[in-house]
Amino acid sequence: MAEKTAKYREPTGRALLKGLAFASPFIIGFLVLYAWPILASGYYSFTDFSLFKAPRWVGLANYERMLHDAKFWKSLYNTLFFTFVGVPVDIAISIAGAHILNQKLRGEPIWRALVYLPSIMPAVAAGFLWRWLLNAQYGFVNEILSWFHIPQPNWLLDAGWGGISVIVLMLWTVGGTMLIYLAALKNVPPELYEAAELDGAGPFRRFLHITWPMISPVTLFQVIVLLIAFLQVFTQPFVLSKDPGLGTQTATGPGDSMLSYSIYLFQNGFTFLKMGYASAMAWVLLLVTLAITLLILWSAKKWVFYDNR
Amino acid sequence: MTTVDVTQAVARVRVPVGGRFGWLMTVYRYALVVLLAAVFVFPFVVMLMTAFKASNEIFTAPPQLLPHTWTLEHFFAALVEIPFWRFLLNTIVISGLSVLGTVLVSPLIAYSLSKLRWRGRNLLFIMVLATMMLPPQVTLIPIYMMWNRVGLTGTILPLIVPAFLGTPFFIFLIRQFLLSVPDELIEAAKVDGASEFRIYWSVVLPIARPALITSAVFQFVWAWTDFLYPLIYLNDEDSYTLSVGLYSFLGQHGVQWGPLMAACVMFTLPALLIFLLFQRYFIGGIATGALK
């Protein structure tokens, strides 16, 4: 062991106590905020319980109930729709935007700050702002579309567009991913491009054969981070779908198009007081997240390139 | 040296390929970046302009960007119609205490995970990483039940105590930073006979300043903008944060876009100021990839 050569070696017992003492807040936090809740949530998922009644064991009833719950499937479908449309588009916009930012521009810190700005805006305020921008009659989005004679959807009130509105709002905060890609682009050795240029490779082939493989480890990591974020989306659809007439927390957009998985989970747990069912939903979300993540990690060996020089 | 400089200068002059039309490329590059920035910034401009417009100008089709008459009436209306100051104070208290918890506690754990050698350290680090990956929905209900059992739902404690137990993201961030600090600095203090906590407090923490500031500013913005947890735990209007307060007020008086946009401007401004002041720490945090 390396410790044997260290000059000021302490007895292992003392070192252990010290290490534990410094780490003790998180050890408590891990037990109270993670370990116990995970076990409890697993147990709750097999029970019928709410704030007002103690857990009663019901076996797999909550999981069986999901099979026949149309709203559950709708919320799962919506969330997968947000994710499988949102994540690729998010990655594509980020890579394109990072290229635009990576052109030896004057005032680069300013441009970087501007694209990141939406990411620090409170999601509730951003949701309100976009309700206004997407307003079919008075909003600027449709106004700009009309300049180009593009058909103008009724974003927030048409069941076919509600989900897309959620994705648009989420994509407004793409700046963080874009800045990560900008850092990745700066790390690609310029010699590679010079060599490719000598070989007569055009911009498209340079991207395909140099940039894309060189940034693929970043892509893998970002796909997973974004995937987790999109699968858990709550605030954006929750704010976009709030019905100003009713003012209740149970509005879910036209034709339930903005009912995300987390919103339905929240409604079950805190509005309908079906906490056992909500816990079962949380476990399904964990398993779905894990399954998709593992699938992507498994596929990674086919498309992620690790530079081992 | 001078000759090298000259050749480099010559090379630099010749860099804008495209010859006589090089300036056109420059225009193109800046046009692209302006267009890109506009997509992100334009919504902010709409928010500001709507907040400063007279009420009768807000609903026009097609929409007009600039106000004819500039007015502060919506800002005053927002302050009067919703308990804005109350919500603001609550948000400041919760964000401030969360930041305090984060800078006091997360570096302790990060130090233990990077500079102290003890059996079980790797296991603890794996635990930190695992908790970063866990969807919060899984722990949401049991943690709520726990706070409910001790009768503390409705207080701000459920929102701030987690920061005092160490936040996995910030533990990770500060640990990565401390790993790059040479051990010699710490060893030297040990030779002088300083206690472990003294070394931590007067040697390690000052060195870790950049990582602490990054953690603090991210924690501030997260707490400032958080919605789900305050929504669940705060059930009395007097304790609402701005997120929950503004959400619950939408629609109680119909949608009044002027005051609503004015309130959103005032809600966003503090986070914006922190971002502008500590910009390089944000960008540094993003570059580590752990935060977004």
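Protein chains in written order, with our numbering: chain A, 27 to 335; chain B, 925 to 1216.
The beta-carbon is built from N, C-alpha and C at its ideal position, and this holds for glycine as well.
Everything numeric in this text was worked out from a predicted model, so none of it was measured.
> Less than 8 Å separating the beta-carbons of residue 1090(B) and residue 1029(B)?
Replying inline: The answer is yes: Cβ separation under 8 Å.
> Taking a cut of 8 Å between CB atoms, which residues from the region 956 to 987 of chain B lie near chain A?
Replying inline: Of all residues in the region 956 to 987 of chain B, 956, 957, 960, 961, 964, 965, 966, 967, 968, 970, 971, 974, 982, 983, 984, 985, 986 and 987 have a Cβ within less than 8 Å of some Cβ in chain A.
> If you draw a straight line from the C-alpha of residue 1186(B) to the C-alpha of residue 277(A), how long is it?
Replying inline: One C-alpha to the other measures close to 25 Å.
>> Classify residue 1120(B): buried if its beta carbon has 16 or more other beta carbons within 10 angstroms, exposed otherwise.
In response: Counting the other CB atoms within 10 Å of its CB gives residue 1120(B) a total of 16 or more, which places it among the buried residues.
> Using the beta-carbon count (16 or more within 10 Å), is residue 1157(B) buried or exposed?
Replying inline: Classification for residue 1157(B): buried.
>> At the level of alpha carbons, what is the spacing between residue 198(A) and residue 204(A)?
In response: Counting only the Cα atoms, residue 204(A) lies some 11 Å from residue 198(A).
> Under the three-state reduction of DSSP, which class applies to residue 132(A): helix, strand or coil?
Replying inline: Three-state DSSP puts residue 132(A) in coil, outside helix and strand.
> Which bits of chain B does residue 146(A) rub up against, with CB to CB less than 7 Å?
Replying inline: Those are 1145, 1195, 1196 and 1199, listed as they occur along chain B.
> Are there 16 or more other CB atoms within 10 angstroms of the CB of residue 1202(B), so buried, or fewer, so exposed?
Replying inline: With a threshold of 16 other beta carbon atoms within 10 Å, residue 1202(B) meets it and is buried.
> Which chain A residues sit within Cβ distance under 7 Å of residue 1011(B)?
Replying inline: The contact set of residue 1011(B) on chain A, defined by CB atoms closer than 7 Å, is empty, because the minimum CB distance reaches about 11 Å.
>> Using only the alpha-carbon positions, how far apart do residue 89(A) and residue 98(A) sit?
In response: Annotation: residue 89(A) to residue 98(A) spans about 11 Å, alpha carbon to alpha carbon.
> What residues from chain B crowd round residue 51(A), counting only those whose CB sits closer than 8 Å?
Replying inline: Those within 8 Å of residue 51(A) in chain B are 1029, 1032, 1033, 1088, 1089 and 1090.
>> For residue 1087(B), which residues in the same chain have their Cβ closer than 6 Å to its Cβ, ignoring the five residues on either side in sequence?
In response: Once the five neighbours on either side are set aside, the close Cβ partners of residue 1087(B) are 1022, 1025 and 1026.
> How big is the Cα-Cα spacing for residue 63(A) and residue 1076(B)?
Replying inline: Residue 63(A) and residue 1076(B) have their C-alpha atoms some 17 Å from each other.
>> Contact criterion: CB-CB distance below 8 Å. Does residue 158(A) meet it with respect to chain B?
In response: At a cut-off of 8 Å, the C-beta of residue 158(A) has a neighbouring C-beta in chain B.
>> Can you confirm whether residue 1036(B), when its beta carbon is compared against all beta carbons of chain A, has any partner nearer than 8 Å?
In response: Closer than 8 Å to the CB of residue 1036(B) there is at least one CB belonging to chain A.
> Is residue 933(B) helix, strand or coil by DSSP?
Replying inline: Confidence is the limiting factor: at residue 933(B) the pLDDT is only 45, short of 50, which leaves the residue's position unreliable and the question unanswerable from this model.
>> Between the region 293 to 310 of chain A and the region 76 to 83 of chain A, can you find at least three pairs of beta-carbon atoms closer than 8 Å?
In response: Segment contact: the region 76 to 83 of chain A against the region 293 to 310 of chain A, three or more CB-CB distances shorter than 8 Å; contact assigned.
> Is the region 207 to 217 of chain A touching the region 238 to 245 of chain A in the sense that three or more CB pairs, one from each, lie closer than 8 Å?
Replying inline: Proximity of the region 238 to 245 of chain A to the region 207 to 217 of chain A meets the contact definition, three or more beta-carbon pairs being nearer than 8 Å.
>> To be precise: take each residue of the region 1111 to 1122 of chain B, compare its Cβ to all Cβ atoms of chain A, and keep it if any distance is under 9 Å. Which residues remain?
In response: If the cut-off is 9 Å between Cβ atoms, the region 1111 to 1122 of chain B has 1111, 1114, 1115, 1120 and 1121 near chain A.
>> Tell me the rounded alpha-carbon separation between residue 1106(B) and residue 1047(B).
In response: Using only the alpha carbons, I get a separation of about 23 Å.
> Comparing alpha-carbon positions, which option in 104(A), 167(A) and 182(A) lies nearest residue 175(A)?
Replying inline: The option with the nearest alpha carbon to residue 175(A) is 167(A).
>> Tell me the residue span of the alpha helix (DSSP H) that contains residue 166(A).
In response: Residues 166 to 173.
>> The alpha helix (DSSP H) that contains residue 966(B), what's its start and end?
In response: Residues 946 to 976.
>> Taking a contact to mean a Cβ-Cβ separation below 8 Å, would you say residue 1174(B) touches residue 1184(B) in this structure?
In response: Using a Cβ distance threshold of 8 Å, residue 1174(B) and residue 1184(B) count as a contacting pair.
>> Judging by CA-CA distance, which residue of 1114(B), 1189(B) and 1039(B) is the nearest neighbour of residue 1132(B)?
In response: Of the listed residues, the one whose Cα sits closest to residue 1132(B) is 1039(B).
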